[in-house]
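Asker: Once you've had a glance at the structure underneath, I'll fire off some questions.
Next comes the structure, spelled out in structure tokens:
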């Protein structure tokens with residue numbers, strides 16, 4: 064028998080599955096997890112670990128792994144609460160999917176998911192027309208799960224790996240002129256300072272000032288600001304602290320006479336800038352400070368090694384004016400063919416679609432009003 068054939072047999076023999084149920088074990092494989100092929104901040108070990116610590120609550124961690132010898136071949140980060148298996152993703156997570164080197168690796172990690180004892184599964188943020196997401200649906204469908212898909216949101220993206228002059232020329236004439244006009248009006252009002260994509264030196268000072276500005280606006284009044292709850296504040300402090308230690312946190316600021324009137328607090332991950340938190344002073348809404356700052360950030364990104372700015376969802380008119388492409392995501396819910404699970408499925412399939420428009424449309428109208436300060440550009 065040749066040495067090559069022995070290695071192949073050994074390779075096959077050591078392939079194994081693992082389900083991680085403790086945060087300590089998840090931390091041990093963090094570096095290997097980050098070596099899996101993926102392209103989203105929201106699938107990094109750092110993000111997932113922060114998310115679990117802050118929002119896992121009384122659930123049990125259930126991270127599915129497939130090993131190929133000492134190499135991690137695939138993974139899917141989930142939690143279990145009762146009979147409900149759910150992805151480590153929520154409204155804060157723009158994208159989620161299973162991770163794997165090949166289709167075979169993906170299938171190996173998805174098999175225990177599809178054959179597990181849970182009665183329902185929820186995965187938020189699956190990208191549409193995505194191979195790993197498709198393998199997940201195929202694994203569930205082949206085992207008889209009832210599946211309900213709901214459109215989640217459109218996530219605008221600005222490609223910044225080309226020529227800035229060509230990008231700017233491709234914007235609508237009104238967008239270009241309005242952004243320039245708003246910048247001139249701000250300069251007439253006082254001393255304007257724009258600093259895009261700067262590394263953060265004093266993290267506590269930046270977070271304190273930024274979160275305070277956000278809380279002073281509509282997000283604070285509606286309870287959506289970071290400072291509106293201890294859980295939100297803890298999560299975002301921990302996320303920013305981790306990526307600050309890695310040197311990947313970026314702060315963009317627009318000041319008028321020294322006062323912060325717009326900011327964007329973001330993370331660079333694998334060549335992309337993720338716009339995690341932005342806000343502006345509503346007293347200057349007529350000057351669209353958020354759009355003035357965004358244009359400066361885009362120009363700075365073109366001059367750097369950043370290949371794209373992920374503006375994140377949901378899409379809004381002001382984001383779409385600047386985007387060069389977009390990504391659609393969905394929520395996948397799967398149900399066992401059991402009486403209670405089937406009742407949940409029927410409710411999702413028939414009742415909710417008829418009730419949902421009664422509250423979604425008014426909420427969307429309110430969000431458009433709230434973003435008026437950004438949408439003037």
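In my numbering, the protein residues as written are 64 to 440.
Glycine included, each C-beta is placed from N, C-alpha and C at the ideal position.
1) Who are residue 149's beta bridge partners in DSSP?
2) Helix, strand or coil: how does DSSP classify residue 234 here?
3) Keeping to the same chain, check which residues put their C-beta closer than 8 Å to that of residue 98; ignore five residues upstream and five downstream.
4) Does DSSP classify residue 154 as helix, strand or coil?
5) How about residue 277 and residue 340: are their beta carbons less than 8 Å apart?
6) Have a look at residue 230 and residue 358 and give me their C-alpha separation to the nearest angstrom.
7) Measure from the alpha carbon of residue 203 to the alpha carbon of each residue in 371, 79, 91 and 179, then state which is nearest.
8) With C-beta atoms as the reference, is residue 92 less than 8 Å away from residue 148?
9) With DSSP as the reference, label residue 361 as helix, strand or coil.
10) Start and end of the beta strand (DSSP E) containing residue 325?
11) Name the two residues that bound the continuous beta strand (DSSP E) containing residue 392.
12) Using the Cβ count rule (16 or more neighbours within 10 Å means buried), how would you classify residue 173?
13) Would a C-beta distance cut-off of 8 Å place residue 250 and residue 318 closer than the cut-off?
14) CA-CA distance, residue 189 and residue 393?
15) For the candidate residues 323, 83, 85 and 104, whose alpha-carbon lies nearest to that of residue 375?
16) How many angstroms separate the CA atom of residue 311 from the CA atom of residue 336?
17) Work out the CA separation of residue 366 and residue 259 for me, nearest whole Å.
18) May I ask you to list the residues that DSSP assigns as paired with residue 5?
19) For residue 242, does the three-state DSSP call read helix, strand or coil?
20) What residue does the beta strand (DSSP E) around residue 211 start on, and which one ends it?
21) Touching or not, the segment 210–225 and the segment 376–392, by the rule of three or more beta carbon pairs under 8 Å?
22) Determine whether the beta carbon atoms of residue 483 and residue 187 lie at a separation below 8 Å.
Answerer: Considering the structure as presented:
1) 142 and 185
2) coil
3) 135
4) Note: residue 154 maps to coil in three-state DSSP.
5) Closer than 8 Å, so yes.
6) So the two alpha carbons sit approximately 11 Å from each other.
7) 179
8) Taking the C-beta atoms as reference points, residue 148 is found no nearer than 8 Å to residue 92.
9) Secondary structure of residue 361 (DSSP, three-state): helix.
10) 322–332
11) 388–398
12) The residue is buried, with at least 16 neighbouring Cβ atoms inside 10 Å.
13) no
14) 5 Å
15) 104
16) 9 Å
17) 11 Å
18) The structure shown does not extend to residue 5, since the chain is modelled only from 64 through 440, so no value can be given for it.
19) helix
20) 209–222
21) yes
22) With the chain represented from 64 up to 440, any question about residue 483 goes unanswered, as that position is not in the structure.
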